[in-house]
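I have placed the structure first, in the form of structure tokens, so that the comments after it can refer back to it.
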Amino acid sequence: MSQERGLILSEDSLRFVRRDANAPWEDFFTKEKIKHSDNVIGYLTMEEKDKMNEVLPKKLSRKDLAYRLADFFVTVRSFADKGTNDLKSEIKNYLREIGEVTNVLLHKPSVRILRSAIAQYDFLVDQGMNPQQAQSYASRLCVDQITYGKFGARPLGTKVSTHEAVVSLAQFYDLMGKPRQATNFGA
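Take the sequence shown: its position 179, counted from the start at 1, is 179 in this note's numbering, and no numbers get skipped.
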């Protein structure tokens, strides 16, 4: 199903809106129907993904999110410097498909990245977004900054890219949603 997204700008606010084909506009976060859509600036038309194919991360408080991101950053720094060698055994086990790597070229996580992620989280929650989705978005921002450009596309072994490995680390820390596993129960 095709979905159109847009913005409504006013003097004191910014609203993100969306609509399905020929349906009325609605607020992206609160689902409130928009009565006056003269000022909508459409910016994206996309196919909506199946929302049931991802398990949302555990809901964390703002403080716990900051702590968890900091722990994630420590692990990413260790991963960049020494590969899988010095990672905790449970993290190594989680990343077992990658195999053993000695070092990984990444942008080092910084306080700037952490602050921008928390600021995005705060903004999205204030706008009415589900906190788990805002948490996942903030974590995605961190992953994208760490693996920016050529760093993310580099292969690690034969199975995954650096970007995919860092996403797996974020999923290990329950910062981002995990793919729902397909089963053949009842088949």
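By construction, the Cβ of each residue, glycine as well, lies at the ideal position given by its N, Cα and C atoms.
Starting from residue i, follow its DSSP beta bridges and name the residues at the other end.
| i | result |
| --- | --- |
| lysine 159 | Per DSSP, none; premise fails for lysine 159. |
| glycine 33 | For clarity, residue 33 is lysine in the given sequence; the question names glycine instead. Answer is Glu26. |
| glycine 6 | Val17 and Gly42 |
| valine 143 | Paired residue(s): none; valine 143 is not in a bridge. |
| valine 55 | Lys178 |
Taking C-beta to C-beta, are residue i and residue j nearer than 9 Å?
| i | j | result |
| --- | --- | --- |
| leucine 106 | threonine 75 | no |
| isoleucine 113 | leucine 141 | yes |
| valine 55 | serine 37 | no |
What residues in its chain sit with their C-beta under 7 Å from that of residue i, if we drop five residues either side in the sequence?
| i | result |
| --- | --- |
| leucine 95 | Thr84, Ala165 and Ser168 |
| aspartate 71 | Tyr173 |
| arginine 154 | Leu105, Ser161 and Thr162 |
| lysine 58 | Asp174 |
| glycine 177 | Glu54, Val55, Leu56, Pro57 and Ser136 |
| glutamine 171 | Lys178 |
| leucine 60 | Arg68 and Gln135 |
| phenylalanine 151 | Leu105, Leu106, His107 and Thr162 |
| valine 125 | Pro131 and Ala134 |
Measuring only from the beta carbon, is residue i closer than 8 Å to any heavy atom that is part of the ligand COA?
| i | result |
| --- | --- |
| glutamine 120 | As far as ligands go, the structure on display features none, and thus does not contain the ligand COA. |
Going by beta carbon distance, what residues of the same chain come within less than 8 Å of residue i, once the five residues before and after it are set aside?
| i | result |
| --- | --- |
| glycine 42 | Glu4, Arg5 and Gly6 |
| aspartate 86 | Ser78 |
| asparagine 103 | Ala80, Asp81, Lys82 and Gly83 |
| glycine 128 | Asp27, Phe29 and Thr30 |
| valine 40 | Gly6, Leu7, Ile8, Val17, Trp25 and Ile34 |
| isoleucine 118 | Arg62, Leu65, Ala66, Leu69 and Ala138 |
Can you give me the Cβ contacts of residue i inside the same chain, cut-off strictly under 6 Å, excluding the 5 residues immediately before and after it?
| i | result |
| --- | --- |
| leucine 65 | Gln135 |
| glycine 99 | Gly157 |
Against chain B, with Cβ distances strictly below 9 Å, would residue i count as a contact?
| i | result |
| --- | --- |
| valine 111 | The chain inventory of the structure shown lacks chain B, comprising one protein chain alone. |
List the whole-angstrom C-beta distance separating residue i from residue j, where the pair is believed to meet the contact cut-off of C-beta under 8 Å.
| i | j | result |
| --- | --- | --- |
| aspartate 27 | arginine 15 | 6 Å |
| glutamate 97 | lysine 159 | 6 Å |
#### Entry: alpha helix (DSSP H) segments (min. 4 residues) lying fully within the stretch 65-108
89-94
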